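Have a look at the structure below before the remarks.
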Amino acid sequence: MDEWTEKKLIEALIEKHDRLIQEYSDSMESQKRLSILREKKDQLEYWVDEEAEDKYKKELIDTQKELETLEENLIATDLRPSELKSRIDEHVSAKKYWTQKLQQQDG
Amino acid sequence: MDEDKIKQDIKPQTDEISECKKEIVKIGGEIKKLQKDADHLRDKRDEGNNECKSLAADARQLRDKRDSINQKIAELKKQRDQLNKKSSDMSDDIKNSKQKRDELNEEARGTDSTLKKLYEKNIDKLVNRDMPLRDEKKLFKSVFEIRNRLEAAKLADEFHEKVVSTYKELKELDDKTDELTAQIRSHANEAEEYHLKTIELYDQLHKISKESDEYHEELIKKYDEINKLRDQIKARKDRITEIEQTIKPQTEILDGIRQEKEKKDLEEKAKKAREKLKEQKRVSFNDLRVLFEQDKKEQTD
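See below:
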């Protein structure tokens, strides 16, 4: 308990914001990728159904696997990209605030 | 000179001498009786004085014992006073610790365990949960307030422990004080007993001393009486001497006459004894004695 000085807590907050910024950024990228993969999956499914082409089956399977993995690891999937962007901006501001606070402490 | 005439002439004086002698004997008897009384009084006085000496020694011993116990009591009281002072200081400590504890508890507004849980929960929230900056700032401030409260709660617990342990020490101290008080009371009772016995002995001593003094007073009076009677005897002896001086010429003559008579009587008896010897008759021891005395007399003459 006594390990939590003001400085250490501020550093932990900065780390948290960094982590969340990264996660939300990754999420944004993932959502983009997700959107692409979903479209790809639709297209492949169509090609597999319509044209009964086996060559697209493997790609479909791989795409579905990637999609599942992405969906499992994605955070804030219910947020729209604009909302994600907003979250990222909030955390960037928060990180700035705490960084200035840390500099004041060290100063 | 006529023996009877001389005797007649000095009869009043010789009668007076006889009378004086009779009185001397009588007074002597009285003196003996008084001396017997005096001996009795002296014995009673000395007996009383000896008893007083013995009682005084006993009383001194008891008094010394009492004084020794009183000294012990003083020492115990000093020890008890020290304990009482310590006890008073500890009571003040307890009062101050309680006050401090209560102030800290007021500051803490919670127990150590609940505050710790709250603190850890808020830290976890702060470093892990996604929340707006506004909430973060509030929670950040709150975390350190809770920590201060937690420290206050811990310190309050320490003060409470101090109160409990001091109470325990105080109880032990009170037990020791009670023990000392019991010892003091017991010694005081013992000292009181010795004191009362001492008083009793001194009372006895004074009573016997007073009696001895009275015997001594009586003894002095007896001595005075004896001395007065002795003076009476001396007076009579002086009178006898005076009279004897007055009739000395006559008594010398009478002595001469008596001696002559005795001489003649001895000669007569010796003559008869010699005759017995000549006749070879049995002689008695008295006869031999008479012969011997006669020979002796002739040698000295």
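Just so you know, the protein sequences line up as chains W and X, in that order.
Going by the numbering used here, the residue at position 80 of the first sequence is 80; the numbering climbs one at a time, nothing skipped.
Going by the numbering used here, the residue at position 216 of the second sequence is 216; the numbering climbs one at a time, nothing skipped.
The beta-carbon is built from N, C-alpha and C at its ideal position, and this holds for glycine as well.
For clarity, every value in this text was computed on a predicted model and none was experimentally measured.
Exposure label - T198/X; buried when at least 16 CB within 10 Å: Here residue 198/X refers to the residue found at position 198 of the second sequence. Buried is the call here.
Chain W contact residues for L133/X, given Cβ-Cβ distances below 8 Å: Numbered from 1 along the second sequence, position 133 holds the residue referred to as residue 133/X. Those are E90, S93, A94 and Y97, listed as they occur along chain W.
Rounded Cβ spacing between A270/X and V283/X (contact assumed at less than 8 Å): Indexing the second sequence from 1 puts residue 270/X at position 270. Indexing the second sequence from 1 puts residue 283/X at position 283. Not confirmed; about 11 Å, so no contact.
Cβ of L102/W within 9 Å of any chain X Cβ: For this step, residue 102/W is matched to residue 102 along the first sequence. No, because no Cβ of chain X sits closer than 9 Å to the Cβ of L102/W.
Distance between L70/W and K154/X (C-alpha atoms, nearest Å): One-based indexing of the second sequence puts residue 154/X at position 154. One-based indexing of the first sequence puts residue 70/W at position 70. K154/X and L70/W: Cα-Cα distance of roughly 49 Å.
Residues of the stretch 53-84 of chain W with Cβ closer than 7 Å to any Cβ of chain X, in chain order: none
Cβ separation of C52/X and I240/X, assumed to be a contact under 8 Å, to the nearest whole Å: Mapped onto the second sequence, residue 52/X falls at position 52. Mapped onto the second sequence, residue 240/X falls at position 240. No, C52/X and I240/X are not in contact; Cβ-Cβ is about 47 Å, not under 8 Å.
Bounding residues of the alpha helix (DSSP H) (the contiguous stretch that carries W98/W): Reading the first sequence from its first residue, position 98 is the one you call residue 98/W. Residues P81 to D106.
Closer than 9 Å at the beta carbon, the chain W residues around I123/X: If you number the second sequence from 1, residue 123/X lands on position 123. Under the 9 Å cutoff, chain W gives M1, W4, L9 and A12.
Distance between L34/X and K222/X (C-alpha atoms, nearest Å): As a working mapping, residue 222/X is identified with position 222 in the second sequence. As a working mapping, residue 34/X is identified with position 34 in the second sequence. Between K222/X and L34/X, the C-alpha separation is close to 7 Å.
Neighbour flag for E45/W against chain X, beta carbons, 9 Å: Working through the first sequence from its first residue, we reach residue 45/W at position 45. Taking Cβ atoms only, chain X never reaches closer than 9 Å to E45/W, which makes this a no.
Exposed unless 16 or more other CB atoms sit within 10 angstroms - verdict on S165/X: Taking the first residue of the second sequence as position 1, residue 165/X is located at position 165. The residue is exposed, with fewer than 16 neighbouring Cβ atoms inside 10 Å.
Closer than 9 Å to chain W by CB, E136/X: Working through the second sequence from its first residue, we reach residue 136/X at position 136. Judged by the 9 Å Cβ criterion, E136/X is in contact with chain W.
Residues near A94/W in its chain [Cβ-Cβ closer than 6 Å; skip 5 each side]: Here residue 94/W refers to the residue found at position 94 when the first sequence is read from its first residue. Excluding its 5 nearest sequence neighbours in each direction, A94/W has C-beta neighbours in its own chain below 6 Å: H17, listed in chain order.
C-alpha distance - E66/W paired with L34/W, whole-angstrom precision: Translated into positions along the first sequence, residue 66/W becomes position 66. Translated into positions along the first sequence, residue 34/W becomes position 34. Using only the alpha carbons, I get a separation of about 9 Å.
Within-9 Å CB hit, R149/X to chain W: Taking the second sequence and counting its residues from 1, one reaches residue 149/X at position 149. Output row for R149/X: interface = no.
CB contact check: L126/X to chain W, cutoff 9 Å: Taking the second sequence and counting its residues from 1, the one referred to as residue 126/X is at position 126. Interface flag for L126/X against chain W is set, since a Cβ pair is found closer than 9 Å.
Own chain residues within Cβ distance below 7 Å of T246/X, not counting five before or after: Here residue 246/X is taken as the residue at index 246 of the second sequence, counted from 1. So the list reads Q13, once near-sequence residues are dropped.
Where D132/X sits in the DSSP three-state scheme: In the second sequence, the residue the question calls residue 132/X occupies position 132. Note on residue identity: the sequence assigns Pro, not Asp, to residue 132/X. Coil, per DSSP.
Residue burial classification, F327/X (beta-carbon count within 10 angstroms, cutoff 16): In the structure as shown, chain X starts at 1 and stops at 301, and residue 327/X therefore has no counterpart that could be examined.
H206/X classed as buried or exposed, judged by whether at least 16 other C-beta atoms fall within 10 angstroms: Locating residue 206/X in the second sequence gives position 206, counting from the first residue. With fewer than 16 other CB atoms across the displayed protein chains lying within 10 angstroms of its CB, H206/X is exposed.
Cα-Cα separation between V48/W and Y56/W, rounded to whole angstroms: By one-based count along the first sequence, residue 48/W stands at place 48. By one-based count along the first sequence, residue 56/W stands at place 56. Distance between the alpha carbons of V48/W and Y56/W is about 6 Å.
Local Cβ density within 10 Å of D300/X, reported as buried at 16 or more and exposed below that: On the second sequence, position 300 is the one that residue 300/X refers to. The sequence as given places Thr at residue 300/X; Asp does not occur at that position. The Cβ neighbour count for T300/X, taken over all protein chains shown within 10 Å, is under 16; the residue is labelled exposed.
Per-residue burial, E23/W [other beta carbons within 10 Å of its own, 16 or more giving buried]: One-based indexing of the first sequence puts residue 23/W at position 23. Counting of Cβ neighbours within 10 angstroms places E23/W among the buried residues, the total reaching 16 or more.
DSSP state of R109/X mapped onto helix, strand, coil: The residue given as residue 109/X occupies position 109 in the second sequence. The answer is coil: DSSP assigns R109/X none of H, G, I, E or B.
Close-in-space but distant-in-sequence residues of the same chain around H216/X (CB under 6 Å, 5 per side omitted): Numbered from its first residue, the second sequence carries residue 216/X at position 216. Same-chain partners within the cutoff: R45.
Between the CA atoms of Q79/X and D112/X - distance to the nearest angstrom: Within the second sequence, numbered from 1, the residue matching residue 112/X stands at position 112. Within the second sequence, numbered from 1, the residue matching residue 79/X stands at position 79. D112/X and Q79/X have their alpha carbons spaced roughly 42 Å apart.
Short CB-CB distance (under 9 Å) between D130/X and chain W: Taking the second sequence and counting its residues from 1, the one referred to as residue 130/X is at position 130. Chain W contact via Cβ: present.
Cα-Cα separation, E268/X to I253/X: The residue you call residue 268/X lines up with position 268 of the second sequence. The residue you call residue 253/X lines up with position 253 of the second sequence. Cα to Cα, the separation comes out at about 23 Å.
Straight-line gap, D255/X to D15/X (C-alpha atoms, nearest Å): What you label residue 255/X is simply residue 255 of the second sequence in a count that begins at 1. What you label residue 15/X is simply residue 15 of the second sequence in a count that begins at 1. Their Cα atoms are separated by approximately 18 Å.
Contact check, E50/W vs L60/W, beta carbons under 9 Å: Locating residue 50/W in the first sequence gives position 50, where the first residue counts as 1. Locating residue 60/W in the first sequence gives position 60, where the first residue counts as 1. In this structure, L60/W does not lie closer than 9 Å to E50/W by Cβ.
Cβ neighbour criterion (16 or more within 10 Å) applied to V143/X: Taking the second sequence and counting its residues from 1, the one referred to as residue 143/X is at position 143. V143/X is buried by the Cβ-count criterion.
Proximal residues to M1/W (C-beta, below 7 Å), its chain only, five neighbours per side dropped: In the first sequence, the residue the question calls residue 1/W occupies position 1. Residue placement at M1/W cannot be trusted, given a pLDDT of 48 that sits under 50; what the coordinates show is reported in the next sentence. So the list is empty, once near-sequence residues are dropped.
Cutoff 9 Å: V143/X Cβ touching any chain W Cβ: Here residue 143/X is taken as the residue at index 143 of the second sequence, counted from 1. Answer yes: the Cβ-Cβ gap between V143/X and chain W drops below 9 Å somewhere.
Cutoff 6 Å; reference R147/W; Cβ partners in own chain excluding five residues on either side: Given that chain W is displayed from residue 1 to residue 107, the structure contains no residue 147/W and the question cannot be resolved.
N- and C-terminal bounds of the alpha helix (DSSP H) containing I61/W: Mapped onto the first sequence, residue 61/W falls at position 61. Unbroken alpha helix (DSSP H) run through I61/W: K55 to N73.
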